[in-house]
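In this note's numbering, the protein residues as written are 13 to 286.
A short write-up of the structure that comes next.
What follows is the structure in structure tokens.
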């Protein structure tokens with residue numbers, strides 16, 4: 013039986029190509045409402061709108077319509093953003109609260125903005141009362157720059173049940189830190205999971221490796237084991253499918269592959285017992 017504490021969902025980075033990647037000329041990008049329809053078709057319980065579908069660009073009336081549209085389909089909303097300044101954290105806390113989103117996932121960095129851990133702690137501490145009032149939990153996503161020890165120190169310093177980690181299973185390879193290392197270090201703080209399966213293979217000349225995305229359950233990630241580990245902490249609220257779908261040969265082919273991978277991935281995730 014599926015554990016109701018961990019909802020299975022999709023996000024705007026499940027359908028990255030369909031929504032639009034700069035420089036690739038998608039003339040019919042998915043809208044936020046389209047993404048909710050996708051979630052309904054895939055029997056997802058939650059949708060996470062991240063920075064590639066930034067909700068700050070939607071009016072209050074549009075957000076209200078989005079909330080109603082999702083509610084009619086029994087789909088919860090989570091909110092995502094990047095660039096963790098005090099102004100943006102306050103703005104997105106308000107958006108998440110309005111959308112009744114239990115999770116606000118944040119990437120700390122943005123173009124030209126790479127704050128120190130001390131500044132991150134200061135920003136978050138200033139916003140904890142607003143997070144508590146809105147009943148929104150802030151989940152910092154492990155990304156390329158900061159390592160696990162730095163993320164752990166940030167969460168410990170904030171010392172709030174409303175502040176934790178959005179655990180991405182691949183991002184920290186850019187540090188480099190391996191998947192097992194990241195899970196061991198951050199699982200106890202994890203409020204939200206990005207399920208991003210992957211393969212690693214040598215290049216044909218054997219001098220180097222290629223990391224590529226796969227459908228969930230078809231790569232190197234032990235998803236069942238990870239679900240079990242996170243279920244034991246009783247903190248993680250949701251598991252959001254993300255895909256690194258390779259491009260080619262055309263954008264239309266890539267979008268078709270992305271849709272196929274999403275279907276295969278959700279079928280796998282829904283049948284897991286944890």
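Using N, Cα and C, we set each Cβ at its ideal position, and we do this for glycine too.
All values reported here derive from a predicted model rather than from experimental measurement.
### Query
Cα separation between residue 267 and residue 276?
Sequence index remark: in the chain shown, residue 267 carries index 255 (1-based). Sequence index remark: in the chain shown, residue 276 carries index 264 (1-based). C-alpha of residue 267 to C-alpha of residue 276: approximately 14 Å in a straight line.
### Query
CA-CA distance, residue 272 and residue 227?
As a working mapping, residue 272 is identified with position 260 in the chain shown. As a working mapping, residue 227 is identified with position 215 in the chain shown. If you draw a straight line from the Cα of residue 272 to the Cα of residue 227, it is about 9 Å long.
### Three-state class that DSSP yields for residue 210 in the structure shown
Stepping through the chain shown from its first residue, residue 210 is reached at position 198. DSSP, reduced to helix, strand and coil, places residue 210 within a strand of the structure shown.
### Contact between the stretch 241–259 and the stretch 214–232 (3+ Cβ pairs under 8 Å)
Short answer: they touch.
### Message
Under 8 Å, with one C-beta from each stretch per pair, do the stretch 78–89 and the stretch 139–149 reach the 3-pair mark?
### Response
No contact exists between the stretch 78–89 and the stretch 139–149.
### Alpha-carbon spacing of residue 241 relative to residue 40, whole angstroms
As a position in the chain shown, residue 241 is number 229, starting the count at 1. As a position in the chain shown, residue 40 is number 28, starting the count at 1. Computed Cα separation, rounded: 40 Å.
### Query
Should the stretch 146–164 be called in touch with the stretch 120–132, which here means at least 3 C-beta pairs below 8 Å?
A contact exists between the stretch 146–164 and the stretch 120–132.
#### Entry: Beta-carbon spacing of residue 134, residue 250 below 8 Å
For the purposes of this step, residue 134 is taken as residue 122 along the chain shown, with counting starting at 1. For the purposes of this step, residue 250 is taken as residue 238 along the chain shown, with counting starting at 1. No.
### Message
Assuming residue 107 and residue 48 are in contact, meaning their beta carbons sit under 8 Å apart, how far apart are those beta carbons, in whole angstroms?
### Response
Locating residue 107 in the chain shown gives position 95, where the first residue counts as 1. Locating residue 48 in the chain shown gives position 36, where the first residue counts as 1. So it is not a contact: roughly 16 Å between Cβ atoms.
### Query
Along the chain, where does the alpha helix (DSSP H) that runs through residue 84 open and close?
Taking the first residue of the chain shown as 1, we reach residue 84 at position 72. Annotation for residue 84: the continuous alpha helix (DSSP H) segment containing it runs 72–84.
### Task
Alpha carbon to alpha carbon, how far is residue 35 from residue 101? Give it in angstroms, no decimals.
For the purposes of this step, residue 101 is taken as residue 89 along the chain shown, with counting starting at 1. For the purposes of this step, residue 35 is taken as residue 23 along the chain shown, with counting starting at 1. Residue 101 and residue 35 have their alpha carbons spaced roughly 29 Å apart.
### Task
My understanding is that residue 24 touches residue 69, with C-beta atoms under 8 Å, so please give their C-beta distance in whole angstroms.
Within the chain shown, the letter at position 12 stands for residue 24. Within the chain shown, the letter at position 57 stands for residue 69. Going by Cβ atoms, the distance from residue 24 to residue 69 rounds to 13 Å, so no, they are not a contact pair.
### Task
Kindly indicate which three-state DSSP category residue 174 falls into: helix, strand or coil?
The residue given as residue 174 occupies position 162 in the chain shown. Coil, per DSSP.
### Query
Exposed or buried, what is residue 161 when buried is set at 16 or more other beta-carbons lying within 10 Å of its beta-carbon?
Here residue 161 refers to the residue found at position 149 of the chain shown. By the neighbour-count definition (other C-beta atoms within 10 Å, threshold 16), residue 161 is an exposed residue.
### Query
Between residue 129 and residue 166, which are expected to be in contact by the criterion C-beta below 8 Å, what is the C-beta distance as a whole number of angstroms?
Reading the chain shown from its first residue, position 117 is the one you call residue 129. Reading the chain shown from its first residue, position 154 is the one you call residue 166. The pair is a contact, with the Cβ atoms about 5 Å apart (cut-off 8 Å).
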